[in-house]
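Numbering (our numbering), first residue to last: 426 to 585.
Beta carbons: idealized from backbone N, C-alpha and C, even for Gly.
Only a predicted model underlies this, so the values are computations on that prediction, with no experimental measurement involved.
A quick write-up on the structure given underneath.
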Amino acid sequence: AMDTIPGYTPPVVVGYINYGEVDMWGFDASLTAIINLEMSLDLTYSHLGMTEFYNPITKANDPINAPRHKAGMKFQYNPRRKPFTASLNARYVDGFKWSSGIYFGNINPYTIFDLHFGYEINQYVKANFTISNVLDHRHTEIIGGPSLGRVMLLRLQTKF
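See the structure below:
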C-alpha cells in the first residue's frame, strides 16, 4: 500500500482523529408523482451544509468524504395486467474531496443511468435483470477504489 500514489511516500503512522463535537446541517427532499395506475416518477435531492471539518492537529480543513449535492430520478412502469415491471433510474453525485488514511484526492462529479426489468414467471418465481451504469460512464466513487463501469446482473427470486 506504500506505492498507491506515485512519487509520494506516506508517513509511517496513519491514524484517525476524533474531531469531538461536530455540528453540521443539510436536508433531503423527495417528491413522488403518480402519473397513472401503472406509472410513477420519483425525484430526490440531498444537500450538505458543509464539506470539511477543522483538524486541530494539522490546523487545516479535512474533507468529510461526501458531496454537497446529490440528486436522483426514478421512472417506474408496473402494468397491472402484465407479468413484468421496468424502471429507469438516474443518479447525480457532485464532485468532492476525499481523504482516508493514505488515500486522498478528488472525486469527479458523475451521472449514472440504470435500467431494471422484472418478469414474474409464475406465482413462486420472478426474474430480475439490472443494467447498472447503462452508458458505461467510468467513474470513481472512493479514492483507492476501482473505476466503475457497466454491470449487468440477472437474479432469480423464489418464495415458498
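Counterpart residues of residue i in DSSP-defined beta bridges
i    : result
W523 : G530
P488 : E477
I556 : L540 and M577
K551 : E545 and Q582
Best match in the options for proximity to residue i [C-alpha to C-alpha]
i    : options                   : result
S572 : R580, R563, A511 and L579 : R563
F585 : N553, I568, Y549 and V576 : Y549
G570 : A458, N531 and K551       : N531
L579 : Y544, E566 and Y470       : Y544
W450 : P431, I489 and A552       : I489
L466 : F452, K484, F500 and V447 : F500
T536 : N547, R516, P508 and G526 : R516
A491 : A485, A458, N533 and A454 : N533
F391 : A496, F521 and P431       : As shown, the chain starts at 426 and ends at 585. That puts residue 391 outside it, with no answer to give.
N547 : A485, K507, K484 and E446 : K507
Whole-Å CB distance - residue i paired with residue j, under 8 Å assumed
i    : j    : result
R493 : L473 : 5 Å
L540 : V518 : The Cβ separation is near 19 Å, so there is no contact.
A625 : Y470 : The structure shown does not extend to residue 625, since the chain spans only 426 to 585, so no value can be given for it.
I568 : Y528 : 4 Å
Residues near residue i by beta carbon distance below 6 Å, same chain, minus five either side
i    : result
A511 : Y502 and F542
L456 : L468
R575 : N558 and D561
F554 : F542 and L579
Boundaries (first-last residue) of the beta strand (DSSP E) holding residue i
i    : result
L573 : Neither: L573 is in no beta strand (DSSP E) and is coded neither H nor E.
Y502 : H494 to Y502
Close-in-space but distant-in-sequence residues of the same chain around residue i (CB under 7 Å, 5 per side omitted)
i    : result
D487 : E477, F478, N480 and S524
Interface flag, residue i vs chain C, CB-CB below 9 Å
i    : result
G543 : Absent here is chain C; the protein component of the structure consists of one chain.
Spatial neighbours of residue i in its chain, beta-carbon cut-off 8 Å, leaving aside the 5 residues before and after
i    : result
L462 : R505
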